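Residue numbers (the working numbering): 736 to 1095. For reference, the structure discussed in these notes is given below.
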């Protein structure tokens, strides 16, 4: 940490295990400076509080690529905030790049090929092979070079102020909310068109899957995937209200998997077959009068502006900002101050256009 405390900038990336655990962990933190590469192991039981302080130090620039998920994870799991950010992905988007992956950036800018062989690796496993450590290191190894080149291009095109506002907004990362919603089964493809009793079974299976995933500390899809839940719910319609002691054939559900989950799985289904079927209740958000008309006009303006700048639409205004504008309907310049997600640069650049649209 002594070395890191003396640098003016560092490139940072993290690896998590969301594909392998019910509650993901930060499993690896990669850091590159202008002279060194570091890999830190948060699972080793050592205190990394000093790193959290460095990440929040305004005098040290932190360079990430596609920072949003990493910042939210660090805030949610470690309660760390990041200050003085430069995001190379967003820099590229402001410059008109249409692809966002780090591998594409490095291939396009420098002809450097990154092997993505370990992209879906289980970073919670120990020990880590040398090959995996090299892979992880490469995610930060070139970021400072990219930051310099993209930063120069932003300056040449007069985009620095816009970029700084976006980077500052990213630092206000949102905390992940991972609470389980038993009514989330309605979002599964085909759930709303199932027969009533099959919906009862599906809901029960949805809850069963989450409890089993939590018990085993694996993602829910590793217990039963969504298609399996639907097929089990449909199969139950052929059982005349009673689950058979042995089921050999359910589409997409291997018999070995059924045997492994029994008897708890079939007991859950049996209880559900005699339960009142759930009824879908659409919770339509209540908006202010004229919201959808304003939303449509702002969407059209955003699209036209993005085409003129040769960037993606959300580079002009985020979805959250567009929705807040449509909801609050500011009609005067002072009203724009009430739009929390609209920064000073965006007010100055687009405020007049926005007010013109909303005053129509």
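Backbone N, C-alpha and C fix where the C-beta goes; we use that ideal spot for every residue, glycine too. Here the structure is a predicted model, which means the values were calculated and not measured.
What are the residues that DSSP puts in a beta bridge with residue i?
i: residue 748; result: 765
i: residue 796; result: 744
i: residue 941; result: Answer by DSSP bridge pairing: none, since residue 941 is not bridged.
i: residue 774; result: 765
i: residue 988; result: 985
Check whether the Cβ atoms of residue i and residue j lie closer than 8 Å to each other.
i: residue 760; j: residue 748; result: no
i: residue 1104; j: residue 858; result: Any property of residue 1104 remains undetermined from this structure, which presents the chain solely from 736 to 1095.
i: residue 1041; j: residue 1051; result: yes
i: residue 864; j: residue 767; result: no
i: residue 745; j: residue 810; result: no
i: residue 966; j: residue 936; result: no
i: residue 820; j: residue 905; result: yes
i: residue 754; j: residue 855; result: yes
i: residue 736; j: residue 786; result: yes
i: residue 879; j: residue 769; result: yes
i: residue 830; j: residue 838; result: no
i: residue 1090; j: residue 1057; result: no
i: residue 1000; j: residue 943; result: yes
i: residue 791; j: residue 816; result: yes
i: residue 894; j: residue 923; result: no
Closer than 6 Å by C-beta to residue i: which residues in its own chain qualify, once you throw out the five before and the five after it? Chain order, please.
i: residue 941; result: 920
i: residue 911; result: 807 and 811
i: residue 938; result: 920 and 1013
i: residue 1055; result: 1076
i: residue 962; result: 987
Tell me which same chain residues have a C-beta within less than 8 Å of the C-beta of residue i, skipping the five on either side of it?
i: residue 868; result: 774
i: residue 1047; result: 828, 833 and 1041
i: residue 772; result: 765, 766, 872, 875 and 876
Give the C-beta separation of residue i and residue j to the nearest angstrom, bearing in mind that I take them to be a contact with Cβ-Cβ under 8 Å.
i: residue 933; j: residue 971; result: 6 Å
i: residue 804; j: residue 954; result: The Cβ separation is near 16 Å, so there is no contact.
i: residue 889; j: residue 826; result: 6 Å
i: residue 823; j: residue 913; result: Wrong, their Cβ atoms sit about 28 Å apart, outside the cutoff.
i: residue 897; j: residue 1080; result: 5 Å
If I measure Cβ to Cβ from residue i and keep anything under 7 Å in the same chain, skipping five residues before and after, which residues do I get?
i: residue 1139; result: Look at the range of the chain in this structure, 736 to 1095, and you will see that residue 1139 is not part of it.
i: residue 1071; result: 1065, 1077, 1082 and 1086
Ignoring anything shorter than 4 residues, give me the alpha helix (DSSP H) runs that lie fully in the region 866-922, in order along the chain. 878-891 and 895-906
Ranges of the beta strand (DSSP E) found wholly within the region 815-855, counting only runs of at least 3: 820-822
For the region 1008-1074, list the alpha helix (DSSP H) runs that are entirely contained and at least 4 residues long, ordered along the chain. 1026-1044, 1048-1051 and 1054-1063
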